[in-house]
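Chains as they are written, first to last, in my numbering: chain A, 1 to 340; chain B, 1 to 340.
Where a beta carbon is used, it is the ideal one built from N, C-alpha and C, also for glycine.
Only a predicted model underlies this, so the values are computations on that prediction, with no experimental measurement involved.
Accompanying notes for the structure given below.
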DNA sequence: TGGGCGCCGGAAAGCGTTTTCCTGGCTGAA
DNA sequence: TTCAGCCAGGAAAACGCTTTCCGGCGCCCA
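Pasting the structure below:
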């Protein structure tokens, strides 16, 4: 198999020096005379030359790759974010390298190391931080090394000191949601909290609780569980089991993210509990699949695509702009109803 | 900012030659004595050395990147496939570079060129081919150049002569679906066909029609439209508009993919048409979000994750194994009912 | 004891670009 | 006409690795 044509092949074919060929084909501040320029271009076309990006990256010591780390591409939340990140990166002429961690913090750290080895231009890390000092510290250390080597990084989600971050306004969103639901007349709530070590989940629970308090309502019943759909399903079943005891009188349940809410909906349906007639359900994120659910799900909208876009900008900006939080907006739909 | 430590720094720090350091740190067939090996390892640790993959790729002329091209990461179909591809690639020690084309064939060709420039090890192309000879030809040419340069490629979806492909058995799946629906007593069908230039869509329509014919039923009413959710929504509305004329008597509608079916479901609901009481609906693919819909959607299951995995294997295999089609399996759910 | 052989280390030649100098020819101003 | 200054073009030194040789040493076997 004939190896790809190299720049040297082109130069020889055109009868010019390597330097000239490089200047013509891969851009430079320097000018090249019209005649030579055309000779080079013709030669390149004839040989089917394509720049070897790896070599280029080495010589320029700057790659045009952006690294993206997400938990799970098949989760709609990350799918939307990743899509936006890829799109925005392409707009900037960058290719995207993705890694999935499946919520394993070690994998996350490892992936940052891999991307650092690739000497990618920037890294975007999507996904919640964890309430584990030593793991967080190691991640930060890894990121610091990357940034120390001239790379740039941006996060989506929880803040990590010293790294630019697009933070969704989890507390405020959950706070407003609580007030809105209180406004519908609900007084007794349950919260499917997700795991207590996930800062995003914790923030939302706290914001929600604060919102209830502000409305003069008692603390909600907290039901922990995994952060995914099946976690929501199980938590909802736990809630049902408590109906006659601690959960008596609960008319509304808040799942700290949409996929959990979807799972909860499925559990309720499976157990013959009508939503919203018997119980109201709300989620958080506003993933796109929600609109096609019956009943459609009340949630707090996060500008997911926009967040992805902004993270790329943040990671590419030479100046580190302060990150204003991404505003969250309550969206009331069919899954929550007014009670007397 | 202190630039990253290089292998030469490590070698000097350890008092050995570059060659020895390389052999210790980045693998080699050759042995290195215990004493030196330890010196090198210690030096690397002290300096925080990380291999520069770009340089390594250049020197080895073989990268450890796999390129993935999909239409749209936020479409559940591609999200699942991409997830599997990333996962399997990681298992093989490869990083994945993704590109999204948003169904633009030019973008697809362009992305293959970009990946070729990166000299990625292999390319996986997910997404339907198009019934446009010249575009297809150019894509094939681009892939050929990539393979000519020593790369490997695999497709998911439509076959493209000379490239290894994981083909879902669209015809057979649609054929079986038609027979199953006929078995439920339906006789008059509509098909939301998607665009006529999408080979996947065409295959499914043809398979479905053939299945109906085999059951002794007349040809279905064909309603074209875009291949996405909103296309399904619009096509369903068109169907409703024809209820009293050409679509009279239609009791079952087949959307050639699930996201279209979801859109159709939404349209029917918006127009107060009960599914499955007034009309049955079926889709194709079995994307994961389906199970949480009400009514749950009848569909043809494709082993999406498995297809992604197999595509990676195909792209990595040195021997080009013949591609047996991925088998499609009819899954009857609540959205289709038995009629008298 | 001597001649192969096998191994371990190191020197150096790549891998395909970019970029810094250097050179020689022109231009324009004095 | 001369000289400073500019500019296009080329030679060659990076960029950070891998890998091919080559030399030297110890070992085994005759």
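Going along chain A in order, which residues have a C-beta closer than 8 Å to the C-beta of residue i?
i              : result
residue 342(B) : It is not possible to answer for residue 342(B), since the shown part of chain B is limited to 1 through 340.
residue 28(B)  : The contacting residues do not exist; residue 28(B) stays about 18 Å from chain A at best.
residue 257(B) : The contacting residues do not exist; residue 257(B) stays about 14 Å from chain A at best.
residue 299(B) : Those do not exist, as residue 299(B) stays about 14 Å from chain A at its closest Cβ, beyond 8 Å.
residue 58(B)  : 52, 54, 55, 58
residue 48(B)  : 145
Identify whether residue i lies in helix, strand or coil by the three-state DSSP scheme.
i              : result
residue 300(A) : strand
residue 110(B) : helix
residue 184(B) : coil
residue 329(B) : strand
residue 152(A) : strand
residue 218(A) : coil
residue 280(B) : strand
residue 143(A) : helix
residue 174(B) : helix
residue 209(B) : helix
residue 189(A) : strand
residue 285(B) : strand
residue 198(B) : strand
residue 225(A) : coil
residue 95(A)  : strand
residue 73(A)  : coil
residue 316(B) : helix
residue 126(B) : strand
residue 1(A)   : Low confidence applies here, because residue 1(A) scores a pLDDT of 49, under 50, leaving its location unreliable; read the following figure in that light. In the structure shown, residue 1(A) sits in coil (DSSP, three-state: anything other than H, G, I, E or B).
residue 136(A) : helix
residue 64(B)  : coil
residue 275(A) : coil
residue 340(B) : coil
Is the CB-CB distance between residue i and residue j below 8 Å?
i              : j              : result
residue 195(B) : residue 224(B) : yes
residue 285(A) : residue 257(A) : yes
residue 53(B)  : residue 118(A) : yes
residue 179(B) : residue 214(B) : yes
residue 309(B) : residue 331(B) : no
residue 202(B) : residue 191(B) : no
residue 64(B)  : residue 121(B) : yes
residue 211(B) : residue 177(B) : yes
residue 250(B) : residue 281(B) : no
residue 149(A) : residue 3(B)   : yes
residue 222(A) : residue 187(A) : no
residue 307(A) : residue 81(A)  : yes
residue 228(B) : residue 259(B) : yes
residue 297(B) : residue 261(B) : yes
Can you name the residues of chain A whose CB is closer than 7 Å to the CB of residue i?
i             : result
residue 69(B) : Those do not exist, as residue 69(B) stays about 11 Å from chain A at its closest Cβ, beyond 7 Å.
residue 87(B) : 100
residue 79(B) : 73, 74, 79
Whose Cβ in chain A lies nearer than 9 Å to the Cβ of residue i?
i              : result
residue 276(B) : Correct list: empty, because the minimum Cβ distance to chain A is about 13 Å.
residue 97(B)  : 65, 95, 96, 97, 98
For a contact defined as C-beta to C-beta under 8 Å, what are the partners of residue i on chain B?
i              : result
residue 125(A) : Within 8 Å Cβ-Cβ: nothing; residue 125(A) doesn't reach chain B, min ~15 Å.
residue 307(A) : In chain order: nothing, as chain B lies at least about 13 Å away.
residue 294(A) : 269, 293, 294
residue 288(A) : 74
Which residues in chain B sit within 7 Å of residue i, going by Cβ to Cβ distance?
i              : result
residue 280(A) : Residues of chain B passing the Cβ test: none, with the nearest at roughly 17 Å.
residue 104(A) : Chain B residues near residue 104(A): none, gap ~12 Å exceeds 7 Å.
residue 4(A)   : 149
residue 82(A)  : 73
residue 242(A) : Simply none; closest approach about 23 Å.
Strictly below 9 Å CB to CB, what residues from chain B border residue i?
i             : result
residue 53(A) : 54, 114, 117, 118, 119
Taking only heavy atoms of the ligand NAP into account, decide whether any of them is closer than 7 Å to the Cβ of residue i.
i              : result
residue 285(B) : Inclusion of the ligand NAP in the displayed structure is not the case, the ligand content being empty and no account of it being possible.
>> Closer than 8 Å is the cut-off here; do at least three beta carbon pairs connect the stretch 321-337 of chain A with the stretch 100-119 of chain A?
In response: no
> Is there contact between the stretch 258-268 of chain B and the stretch 227-243 of chain B, where contact requires at least three CB pairs shorter than 8 Å?
Replying inline: yes
> Three or more beta-carbon pairs under 8 Å between the stretch 54-66 of chain A and the stretch 8-19 of chain A, yes or no?
Replying inline: no
>> Assess contact between the stretch 135-145 of chain B and the stretch 323-330 of chain B, defined as three or more Cβ pairs (one per stretch) separated by less than 8 Å. Is contact present?
In response: no
>> Threshold first: 3 residues or longer. Then list the beta strand (DSSP E) segments lying entirely within the stretch 232-267 of chain B, N to C.
In response: 252-255
> Contact between the stretch 74-85 of chain B and the stretch 274-292 of chain B: three or more CB pairs below 8 Å?
Replying inline: yes
>> Three or more C-beta pairs under 8 Å: does that hold for the stretch 62-71 of chain A against the stretch 84-98 of chain A?
In response: yes
> Of all the beta strand (DSSP E) runs that stay within the bounds of the stretch 16-42 of chain A, which reach a length of 3 or more residues?
Replying inline: none
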